[in-house]
Amino acid sequence: MRLNNTASPFMLTGFPGMEKAHHWISIPLVVAYISILLGNGTLLYLIRDDHTLHEPMYYFLAMLAATDLGVTLITMPTVLGVLWLNYREIGHGACFSQAYFIHTLSIVESGVLLAMAYDRFIAIRSPLRYTSILTDTRVMKIGVGVLTRAGLSIMPIIIRLHWFPYCRSHVLSHAFCLHQDVIKLACADITFNRLYPVVVVFAMVLLDFLIIFFSYILILKTVMGIASGEERAKALNTCVSHICCILVFYITVVGLTFIHRFGKHAPHVVHITMSYIYFLFPPFMNPIIYSIKTKQIQSGILRLFSLPFSEA
Numbered sequence: 000m001r002l003n004n005t006a007s008p009f010m011l012t013g014f015p016g017m018e019k020a021h022h023w024i025s026i027p028l029v030v031a032y033i034s035i036l037l038g039n040g041t042l043l044y045l046i047r048d049d050h051t052l053h054e055p056m057y058y059f060l061a062m063l064a065a066t067d068l069g070v071t072l073i074t075m076p077t078v079l080g081v082l083w084l085n086y087r088e089i090g091h092g093a094c095f096s097q098a099y100f101i102h103t104l105s106i107v108e109s110g111v112l113l114a115m116a117y118d119r120f121i122a123i124r125s126p127l128r129y130t131s132i133l134t135d136t137r138v139m140k141i142g143v144g145v146l147t148r149a150g151l152s153i154m155p156i157i158i159r160l161h162w163f164p165y166c167r168s169h170v171l172s173h174a175f176c177l178h179q180d181v182i183k184l185a186c187a188d189i190t191f192n193r194l195y196p197v198v199v200v201f202a203m204v205l206l207d208f209l210i211i212f213f214s215y216i217l218i219l220k221t222v223m224g225i226a227s228g229e230e231r232a233k234a235l236n237t238c239v240s241h242i243c244c245i246l247v248f249y250i251t252v253v254g255l256t257f258i259h260r261f262g263k264h265a266p267h268v269v270h271i272t273m274s275y276i277y278f279l280f281p282p283f284m285n286p287i288i289y290s291i292k293t294k295q296i297q298s299g300i301l302r303l304f305s306l307p308f309s310e311a
């Protein structure tokens with residue numbers, strides 16, 4: 000088998016049958032994109048600029064915000080290109096690269112949520128040793144480990160895409176490239192590319208969720224052992240934002256999986272809409288959750304937006 004680099008480009012798809020409404024459909028998507036960029040960009044700026052936020056919890060939050068920004072910046076150009084300009088062509092290399100980063104960042108997000116659960120576990124179970132356990136170096140190593148795990152786990156299936164011949168229709172079902180879309184167009188044995196992602200999902204995303212769930216059982220057990228009701232409430236309150244982000248991420252994952260597995264007779268637009276929800280809802284909600292539930296972030300935002308007025 001030799002490298003397949005002479006085939007026609009792939010064709011991206013917006014909302015089939017609703018092409019005349021693409022400009023109107025783009026409005027809520029643009030609002031969501033701008034909100035995601037502003038929200039996550041603000042979090043990153045605050046965590047970098049405010050020394051009171053230079054703690055492990057906020058470093059992990061910065062990783063989450065950077066991951067959400069990455070997913071947005073990778074999908075936004077092709078989505079808006081299709082909806083605004085009806086520009087549907089995408090070369091094989093660009094398509095495979097986009098698919099690689101989309102799937103890698105999904106695994107990264109799961110890994111960051113797991114790291115944040117570990118952070119809350121240490122903060123509540125061993126508060127006196129928190130800073131000595133989660134040093135800056137260790138936080139950096141965790142971040143590199145999460146990124147490396149995701150990047151290496153996705154690489155095998157993406158590399159194989161470059162070698163497949165594509166002799167079927169070159170029309171993809173979304174306005175961005177996904178591995179599961181591309182392999183449907185391949186005229187080759189795709190058994191490995193069908194089975195390997197299932198193994199990755201079970202070995203990483205599902206395992207991450209189970210570890211997070213188990214860690215919160217231990218956290219709850221520790222909190223229930225605290226004598227003061229006020230201290231129990233304070234300890235649990237530090238976990239609320241993280242729990243909300245976990246629910247947002249995994250509910251969208253389950254929803255997308257449910258639609259793909261059991262919604263075969265549902266209109267195609269439902270599948271497409273659910274994909275956009277999967278990619279946009281967590282990055283949109285995460286900054287809002289932390290802005291509402293975390294006083295330090297609230298204070299930082301108030302200082303940031305009051306600064307221009309104070310200078311005036």
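All the letters of the sequence shown, read from the start, carry residue numbers 0 to 311 under numbering that gives the first Met the number 0.
All C-beta atoms in this analysis are idealised placements derived from N, C-alpha and C, irrespective of residue type, glycine included.
Quick check on residue 163: does DSSP put it in helix, strand or coil?
coil
Compare the beta carbon distance of residue 285 and residue 244 with 7 Å and say whether it is the shorter of the two.
yes
Rounded straight-line distance, which links the Cα of residue 213 to that of residue 173
36 Å
Out of curiosity, what's the CA-to-CA distance linking residue 201 and residue 257?
15 Å
Could you give the C-beta distance for residue 8 and residue 110, rounded to a whole number, given that I count them as a contact under 8 Å?
Rounded, the Cβ-Cβ distance is 33 Å, inconsistent with contact.
What residue range is occupied by the uninterrupted alpha helix (DSSP H) comprising residue 213?
206-223
In whole angstroms, what is the alpha-carbon distance linking residue 303 and residue 297?
10 Å
With a threshold of 6 Å on Cβ separation, who are the neighbours of residue 311 within its own chain once the five nearest residues in sequence on each side are excluded?
Summary for residue 311: the model assigns pLDDT 45, below 50, so the residue's position carries little reliability, and this model does not support an answer.
What runs of the alpha helix (DSSP H), each 4 residues or longer, lie entirely inside the segment 122-189?
129-132, 135-160, 178-181
Could you check if residue 274 is buried or exposed, using at least 16 other CB atoms within 10 Å of its CB as the buried criterion?
buried
Below 8 Å on the Cβ atoms is my guess for residue 189 versus residue 95; work out the distance and round it to an integer in Å.
That pair is no contact at about 14 Å.
With 16 other CB atoms within 10 Å as the buried threshold, where does residue 130 fall?
exposed
Mark residue 312 as exposed unless 16 or more other C-beta atoms lie within 10 angstroms of its C-beta, in which case mark it buried.
Nothing can be reported for residue 312, as the shown portion of the chain is limited to 0 through 311.
If we require 4 or more residues per run, which alpha helix (DSSP H) segments fall completely within the segment 0-78?
21-48
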